[in-house]
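Q: Here the numbering used here is used: position 140 in the sequence shown is 1377, and no number is missing along the way. Okay, here's the structure, questions in a sec.
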Amino acid sequence: MPQTLRVASIALTAVSLTLTAAIARAQAPAASAAPPSSPFTVGKAASGETKAALCASCHGPAGNSVNPEWPRLAGQSAIYIAEQLRLFRAGVRNNPIMKPLASTLSDQDISDLAVYYEAQTPTGLEADPSYWKAGEQVYLSGDPAREVPACVACHGPLGRGNLAAGYPALRAQQSVYVVKQLNDYASGARYTGQNPAQASLNGVMMLTLAKRLTPEEIRDVASYVQGMR
Ligand code: HEC
Ligand code: HEC
């Protein structure tokens, strides 16, 4: 092949590869990076209550799970729940239990379930008396010397999170589940894909700060939030 033709054909291949990638991106389901549309505009709590029958075996009646490894959903931010269900559905939050379940949910199901769970009242276990004092210190003050921010800044004085911004509530959350999530953020296991730090709208902050927590701090703060109401 003459030199110019060869260059032209390489250039064409490059163009077609770029195009293929662009088309694949355009056709990919609006999952990971795209901010979810607000569940409040389309979600109906009454439909969510019916649909939640599928979830109650693990997340408990009205989202109050009794298994320490299965998170409480009662009172959780609807925006956060909807985002997490989309991430499970897309396989970005890579959980072998939740991915197949979330794959059966339509966008409408996700919105209905999200607004239903946010409207429920969390109940649950108390904090462990051996750890909650130290945990309260971490929660309220962090450790400025090690650039650990105070959790209260985003998760709120009562652990209710910031519902409108989609910052999750932590109050009454199972401490075993909280420990697992903090370790998963630190190790990078919580989200998979090309850019796990950008997988969720706000996840990047937790990825950074979880790495700065010691195992004792994780245990203590998890115990503290379990007792918050
Ligand atoms: C077989 C048990 C099981 C069932 C049934 C189940 N889940 Fe889950 N769910 C889990 C587990 C376990 C996790 C925690 C995954 C992890 O460790 O990251 C979870 C996590 C979640 C989370 C993330 C919570 C958070 O705080 O980040 C949401 C939201 C959720 N589930 C919603 C649902 C909904 C809605 C249904 C019903 C359609 C459902 N789940 C059914 C076991 C279950
Ligand atoms: C700058 C705001 C900010 C600060 C400070 C912060 N968080 Fe978070 N946290 C978030 C956001 C936003 C999320 C949701 C991230 C995502 O999309 O994965 C989150 C998620 C979490 C989760 C997972 C919740 C679930 O249901 O799975 C836990 C646990 C958590 N944070 C604990 C803490 C602790 C403990 C501290 C203090 C040491 C803390 N956070 C400080 C904003 C913050």
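We put the beta carbon where it would ideally sit given N, CA and C, even for glycine. Quick caveat: nothing in here was measured; it's all calculated off a predicted structure.
Would you say the beta carbon of L1377 comes nearer than 7 Å to a heavy atom of ligand 2?
A: For ligand 2, not one heavy atom lies less than 7 Å from the Cβ of L1377.
Q: Could you compute how far the alpha carbon of G1372 sits from the alpha carbon of G1440?
A: Straight-line Cα distance between these residues: approximately 22 Å.
Q: Tell me which residues share the same chain as T1445 and place their Cβ nearer than 7 Å to its Cβ, disregarding the 5 neighbours each side in the sequence.
A: Nothing listed; no residue qualifies.
Q: How many Å lie between V1462 and D1344 at the Cα?
A: Cα to Cα, V1462 sits roughly 31 Å from D1344.
Q: Which runs of the alpha helix (DSSP H) at least 4 residues long sit entirely within the segment 1392 to 1457? Give them in chain order.
A: Runs found: 1412 to 1424, 1440 to 1447.
Q: Indicate whether the contact test is met: 3 or more Cβ pairs, each with one atom in the segment 1298 to 1312 and one in the segment 1408 to 1425, closer than 8 Å.
A: Yes: the two stretches touch, three or more of their Cβ pairs being nearer than 8 Å.
Q: Considering D1365, what are the terminal residues of the alpha helix (DSSP H) in which it resides?
A: D1365 -> no alpha helix (DSSP H), and no H or E assigned at all.
Q: Would S1348 pass as a contact of P1276 if the rule is Cβ separation under 8 Å?
A: Cβ distance < 8 Å, so S1348 and P1276 count as in contact.
Q: Taking the beta carbon of Q1264 as the centre, do at least 16 other beta carbons fall within 10 Å, making it buried, or is it exposed?
A: Because Q1264 sits at a pLDDT of 43, beneath the cut-off of 50, its placement in the model cannot be relied upon, and the point is left open.
Q: Please determine, among P1359, D1380, A1426, the residue with the shortest C-alpha to C-alpha distance to L1395.
A: Ranking the options by Cα distance to L1395, first place goes to P1359.
Q: Quick one: Cα of A1261 to Cα of P1337, how far?
A: Since pLDDT at A1261 reaches only 44, below the 50 mark, its modelled position is unreliable, and no value is offered.
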